[in-house]
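Following this line, the structure appears as structure tokens:
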């Protein structure tokens, strides 16, 4: 099934150390084209390449946020 997607430019604003060492570190990411009140998201600071190698994002890194949905979950945009 075909997927629809939108790619958004973003920047890693800061890295948040966990209050409890056993919890994961978080990356706060600012999505440039989002509304002001909804611009930041926080995710676990782990990324994986095609080979399965894990890495962490750095503060200030330019990243892409991709929103993806099955075609069945979308409607055609009026012209």
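Numbering (this note's numbering), first residue to last: 2 to 80. Idealized CB from N, CA, C, for every residue including glycine.
- In the three-state reduction of the DSSP assignment, residue 65 falls in the strand class.
- The residues 11, 12, 14, 40, 41, in chain order, have a CB closer than 7 Å to that of residue 31 in the same chain once the five nearest residues on each side in sequence are set aside.
- For residue 10, the three-state secondary structure derived from DSSP is strand.
- Pairing residue 45 with residue 25 gives a Cβ-Cβ distance under 9 Å.
- Take residue 4, set aside five residues on each side of it, and the residues of its chain with a beta-carbon closer than 8 Å to its own are 69, 70, 71, 72, in chain order.
- Just measuring C-alpha positions, the residue of 28, 9, 51, 21 sitting nearest residue 36 is 9.
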